[in-house]
Amino acid sequence: MKNGRITVGLPDLHPGRGYPVGAAFFSHSRFYPALIGNDIGCGMALWRTDLTLNKWSLDKLEKRLGSIDNPLQAEELPDDIPEHFCYSPGTIGGGNHFAELQQLDEIYQPEMLETWQLNKQQLLLLVHSGSRGLGQVILEQHVREHGHNGLIASSPEAQSYLQQHQQALDYACFNRQLIAERMLKRWRAHGSCLFDVSHNLLTSYTIGNVDGWLHRKGATPSDQGAVIIPGSRGDYSYLVQPLASDRSLFSLAHGAGRKWMRGECKARLTGRYNAEQLSRTAFGSRVICLDKQLIFQEAPEAYKPIGGVMDAMLQAGLVKLIARLKPVLTYKTRGNKE
Numbered sequence: 142m143k144n145g146r147i148t149v150g151l152p153d154l155h156p157g158r159g160y161p162v163g164a165a166f167f168s169h170s171r172f173y174p175a176l177i178g179n180d181i182g183c184g185m186a187l188w189r190t191d192l193t194l195n196k197w198s199l200d201k202l203e204k205r206l207g208s209i210d211n212p213l214q215a216e217e218l219p220d221d222i223p224e225h226f227c228y229s230p231g232t233i234g235g236g237n238h239f240a241e242l243q244q245l246d247e248i249y250q251p252e253m254l255e256t257w258q259l260n261k262q263q264l265l266l267l268v269h270s271g272s273r274g275l276g277q278v279i280l281e282q283h284v285r286e287h288g289h290n291g292l293i294a295s296s297p298e299a300q301s302y303l304q305q306h307q308q309a310l311d312y313a314c315f316n317r318q319l320i321a322e323r324m325l326k327r328w329r330a331h332g333s334c335l336f337d338v339s340h341n342l343l344t345s346y347t348i349g350n351v352d353g354w355l356h357r358k359g360a361t362p363s364d365q366g367a368v369i370i371p372g373s374r375g376d377y378s379y380l381v382q383p384l385a386s387d388r389s390l391f392s393l394a395h396g397a398g399r400k401w402m403r404g405e406c407k408a409r410l411t412g413r414y415n416a417e418q419l420s421r422t423a424f425g426s427r428v429i430c431l432d433k434q435l436i437f438q439e440a441p442e443a444y445k446p447i448g449g450v451m452d453a454m455l456q457a458g459l460v461k462l463i464a465r466l467k468p469v470l471t472y473k474t475r476g477n478k479e
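Residue numbering for the sequence shown follows our numbering, beginning at 142 and increasing consecutively.
Below, the structure is given as structure tokens:
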């Protein structure tokens, strides 16, 4: 990588499409859009809700939610949204994206939760999604015109990419809000966003007195306050207080990280589970995923245990634990694909 200076692999490091996921890269004078990939702005939004499990059964939550696979219609959106905010608005997308109701399980810093007015009775809503088709359009155009060689940061082409990159970041954040509000409306509930943090993005940064560009690909920023590190859909998630460090390029793992390639999951698991069994977890939580390929690809066994990822970051002095959460109801898709 020309003008590359530092590369960091995080505990959830795993192969991606052409470039690794769970990594951060620092360069000077030149940056590389292909490192960010096609899902610019992919990230996590955590919402506080007024839902409680003592008032809602899983059956009722699942039934009320129904399907949110179809994009919101124009009349359901604000009148003044930009044109580029119309890539499947209000939808989660495929792959490892999800929206999940979670419950506090263990509390390590009660004073932090008091600040957010959280308690163990409430359910929280975690939304993991990106810029949908917009990021793909931006990346394809860039690779078609410039390949994988990067852009000189001062060039007009670089400035054009940065403008498009910001549009994708803005849309991804807006879409996570749409998803959360859409779900809460189905449940006739209310909520508010505690934080929204992207983990696929390019940022101008100064590290070691060098002005350059920080590329995060599946790498959660550690310089923006509290963040959540989710496990698989059958594992815990951790709410953490980052301890920013240049050793990790001011980044953390963004999840557990894949253990198996998607194409091998169904063959590995078919003899042990069917799709119906995978829709229930060891926590007693439910996974709504009628895509019979995807539910095998997203099985807990396909991911690393989140405990090992968290232990690595704790030992490296990168985080302090705030709370541990467990899944209650996970939405992937109602799409019935064999």
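Every residue gets a Cβ at the ideal spot worked out from N, C-alpha and C, and that includes glycine.
Apart from sequence neighbours up to five positions away, no residue of its chain approaches Thr347 with a beta-carbon distance below 6 Å.
In this structure the region 321-341 does not lie against the region 287-304, because fewer than three pairs of beta carbons, one per stretch, are closer than 8 Å. Residues Cys406, Lys407, Leu410 of the same chain have their beta carbon placed closer than 6 Å to that of Phe437, with the five preceding and five following residues left out of the count.
With a contact defined as Cβ atoms closer than 8 Å, Leu245 and Trp188 miss out at about 14 Å.
As a beta-bridge residue in DSSP terms, Arg171 pairs with Ile293.
By the criterion of at least three beta-carbon pairs nearer than 8 Å, the region 269-284 is in contact with the region 175-185. Between the region 454-464 and the region 247-257, the count of C-beta pairs closer than 8 Å reaches three or more; the two stretches touch.
Along the region 219-299, the alpha helix (DSSP H) occurs as fully enclosed runs of 4 or more residues at 251-256, 274-287, listed in sequence order. If the five residues before and after Leu206 are omitted, its C-beta is found closer than 6 Å to the C-beta atoms of Arg327, all from its own chain and listed in chain order.
Between the beta-carbon of Gly359 and that of Ala164 there is about 7 Å, and that keeps the pair under the 8 Å contact cut. For the set Leu194, His155, Arg146, Asp200, the Cα lying nearest the Cα of Val428 is the one of Asp200. The C-alpha of Glu217 lies about 22 Å from the C-alpha of Lys204. By the beta-carbon neighbour count (other beta carbons within 10 angstroms, threshold 16), Val450 is buried. Per DSSP, reduced to three states, the secondary structure at Leu462 is strand. Straight-line measurement puts the Cα of Trp197 at about 45 Å from the Cα of Phe166. DSSP, reduced to helix, strand and coil, places Gly359 outside both helices and strands of the structure shown, so it counts as coil. Of the candidates Glu442, Gly145, Asp153, Met185, Gly145 places its Cα closest to the Cα of Tyr173.
Here the C-alpha atom of Glu417 lies approximately 34 Å from the C-alpha atom of Tyr160.
Pairing Val149 with Ser389 gives a Cβ-Cβ distance under 7 Å.
Classified as buried, His356 has 16 or more neighbouring CB atoms from the shown chains inside 10 Å of its CB. The region 336-353 makes no contact with the region 223-237; the number of CB pairs closer than 8 Å stays below 3. For the pair Glu442 and Lys400, the Cα-to-Cα distance works out to about 8 Å.
In this structure, Val460 sits away from Pro371, with a CB-CB distance that is not shorter than 7 Å. Here DSSP, grouped into helix, strand and coil, assigns Pro441 to helix.
Exposure of Glu224 is indicated by the presence of fewer than 16 other C-beta atoms within 10 angstroms of its C-beta. Counted as a single uninterrupted DSSP element, the stretch harbouring Arg189 is not any alpha helix (DSSP H) but the beta strand (DSSP E) occupying residues 184-193. Apart from sequence neighbours up to five positions away, the residues of its chain that approach Ile447 with a beta-carbon distance below 8 Å are Ile370, Pro371, Gly372, Ser373, Asp376, Tyr377, Ser378, Tyr379, Gly396, Ala397, ordered along the chain.
Within the region 368-444, complete alpha helix (DSSP H) segments of at least 4 residues are found at 403-410, 416-419, 435-438, given in chain order.
In chain order, Lys143, Asn144, Gly291, Leu292, Ile293, Ala294, Trp354 place their CB closer than 8 Å to the CB of Arg171, counting only its own chain and leaving out the 5 sequence neighbours on each side.
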